[in-house]
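Taking it in order: structure first as structure tokens, then the write-up.
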Amino acid sequence: MTPDEYVEAVLDLVERIPAGRVMSYGGIADALAERSGRASARLVGSIMARHGGSVPWHRVVTAAGRLPPGHEREARSRLRAEGAPLRGEGVDMAAAGWSPDAEG
């Protein structure tokens, strides 16, 4: 998979995250690792920072549920509107976490 194909794969996966659910940067990297040969949460974060404006970026959080840095207020507002379970300053990962494996 080329770097450009990986960017597209990350963005395609983010588009599939259902409203009110989230994935972590590492979860996205892990979901694409076998197919892409890459498994870097930092790379996913970089892709989201550069190219994520056209996808539901607010559904991508840290493994601990922390919201996208610098965009916490907007992300919280969008997630609340979608009915995502929030906990403290972030998302309740046990309740809101999603995996593409859940699609069947």
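Here our numbering runs 3 ahead of the position in the sequence shown, where the first position is 1.
Yeah, the Cβ is synthetic: ideal placement off N, Cα and C, and Gly gets one too.
- For Thr65, the closest C-alpha among the options Glu37, Arg83, Val94 and Arg81 is that of Val94.
- Counting along the chain, Val47 sits inside the alpha helix (DSSP H) bounded by residues Ala44 to His54.
- DSSP, read as helix, strand or coil, puts Leu35 in helix.
- Rounded to whole angstroms, the gap between the alpha carbons of Ala12 and Pro59 is 14 Å.
- Apart from the 5 residues on each side of it in sequence, Ser57 sits with its Cβ closer than 8 Å to the Cβ of Leu14 in its chain, given in chain order.
- Put simply, of His54, Arg45 and His61 the residue whose alpha carbon is nearest the alpha carbon of Pro21 is His61.
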